[in-house]
């Protein structure tokens, strides 16, 4: 309420003196110098002192040194307990300069003799401004201390959280299969796996039904690439669920399941059950996936996809054929929609290449107009490196992606698996 008033009009002053004449002299001097009469409170005894301090909360106390049983040192002690930042000034006709200096040592702000206190209006304003600055500095120091405490607490929590996530990353890295499994079965292969955060919602999965180096007619090498809803911790949790469910589905030794349609349908039902999903729940998390079952004897690929494609490079023709997946994800339910999984049979030639990918790479923003890379540009990148060994392909693809991305942040988890057939 006093924000826009001149400083002197804001200051509330308590005057303690037995002499009415001296009170009037002090009051007249203050009023003539811009202090408001309505902000001047006068008392002449100790009895009302504490009550006035509590009710009126003055900014300044102007006190005679002795008033009946009261003295300024007692008044100082009482006032500092109630109002720690109050300005305490002694105006007295009784004290000497030597004693006045001792009063200042004890905590009184300044003293004047009654024969000469003309500077009182100026000094009150000076002390008030100084005290106000001190109070603001104290508040800032308190706020800074609280912010520092909160920062340290957040820093500790972040450190603990990052350590937990790093541990989760080690578990995820150990769980996902090594590329050696691919290289044992195919002449060349690569895996580009770049999480947006520490852990990833993208995952890859391999399974070989052959129990020895002798391949039987019904043996298949199966590969899946999954893109779970979200990324970071939530995506990573779902990726581990999907990975382990795939292992469970194909683990039955009595029934060798190699048909992508059957595996994907089983996986869909298992995700819905694991996440307790139905058409009425508000969340419909799931997995976008491309799945291939490779028949190496008859040189055929069996592909089934859900919102993720298979890119097939005919190396001799420098042509990439895109086989699209279904327009629904693994998991989640939509009322009125029946999921029908279909398998596409694709004959292949040796040295041709298949690429399986999540949408993180094609959705990456960058380039001269800061747009998504899109599948058409990614296909051009693949054509540019198609003649190289797949190890070199992976290195160049990562380099081209970095150039495309520029200063942009990574948009999403990125996973690309390349296999030379």
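In the working numbering, the protein residues as written are 264 to 684. Ideal Cβ placement from N, Cα and C applies to all residues, glycine included. Every value quoted in this text rests on a predicted model; they were computed, and no experiment measured them.
Assigned secondary structure, residue i (DSSP; H/G/I helix, E/B strand, else coil)
| i | result |
| --- | --- |
| residue 552 | strand |
| residue 539 | coil |
| residue 400 | helix |
| residue 590 | coil |
| residue 627 | coil |
| residue 610 | strand |
| residue 264 | Reliability of the predicted coordinates at residue 264 is poor, the pLDDT of 45 falling under 50, and the value obtained from them is presented with this limitation in mind. In this structure, residue 264 counts as coil in the three-state DSSP scheme. |
| residue 356 | coil |
| residue 277 | strand |
| residue 408 | helix |
Beta-carbon proximity check, residue i vs residue j, cutoff 9 Å
| i | j | result |
| --- | --- | --- |
| residue 569 | residue 607 | no |
| residue 547 | residue 595 | yes |
| residue 653 | residue 682 | yes |
| residue 636 | residue 646 | no |
| residue 487 | residue 509 | yes |
| residue 612 | residue 648 | no |
| residue 391 | residue 322 | yes |
| residue 272 | residue 348 | no |
Distance between residue j and residue i (C-alpha atoms, nearest Å)
| i | j | result |
| --- | --- | --- |
| residue 332 | residue 301 | 28 Å |
| residue 381 | residue 293 | 9 Å |
| residue 541 | residue 534 | 11 Å |
| residue 264 | residue 386 | At residue 264, the pLDDT of 45 sits below 50, so the modelled position is not reliable and the matter cannot be decided from this model. |
| residue 563 | residue 414 | 59 Å |
| residue 680 | residue 421 | 33 Å |
| residue 665 | residue 457 | 12 Å |
| residue 617 | residue 426 | 37 Å |
| residue 593 | residue 499 | 16 Å |
| residue 591 | residue 560 | 32 Å |
| residue 338 | residue 366 | 12 Å |
| residue 479 | residue 605 | 25 Å |
| residue 283 | residue 312 | 17 Å |
| residue 615 | residue 416 | 55 Å |
| residue 409 | residue 418 | 14 Å |
| residue 492 | residue 464 | 7 Å |
| residue 455 | residue 658 | 9 Å |
| residue 589 | residue 583 | 19 Å |
Sequence-distant residues of its chain with Cβ nearer than 6 Å to residue i (five each side left out)
| i | result |
| --- | --- |
| residue 630 | 667 |
| residue 506 | 466 and 468 |
Below-9 Å beta-carbon distance, residue i vs any chain B residue
| i | result |
| --- | --- |
| residue 490 | The structure shown contains no chain B; it holds only a single protein chain. |
Close Cβ partners of residue i (< 8 Å) along its chain, the five nearest in sequence each way excluded
| i | result |
| --- | --- |
| residue 289 | 278, 280, 325, 354, 380 and 383 |
| residue 528 | 602 and 604 |
Exposure of residue i, with buried meaning 16 or more beta-carbon neighbours within 10 Å
| i | result |
| --- | --- |
| residue 669 | exposed |
| residue 327 | buried |
| residue 674 | buried |
| residue 435 | buried |
| residue 362 | exposed |
| residue 484 | buried |
| residue 585 | exposed |
| residue 424 | exposed |
| residue 412 | exposed |
| residue 650 | exposed |
| residue 553 | buried |
| residue 555 | buried |
| residue 269 | exposed |
Close Cβ partners of residue i (< 7 Å) along its chain, the five nearest in sequence each way excluded
| i | result |
| --- | --- |
| residue 429 | 461 |
| residue 520 | 512, 513 and 526 |
Distance cut-off 8 Å: residue i Cβ against heavy atoms of the ligand ADP
| i | result |
| --- | --- |
| residue 349 | By its list of ligands, the structure shown contains no ligand whatsoever, and the ligand ADP lies outside what it can speak to. |
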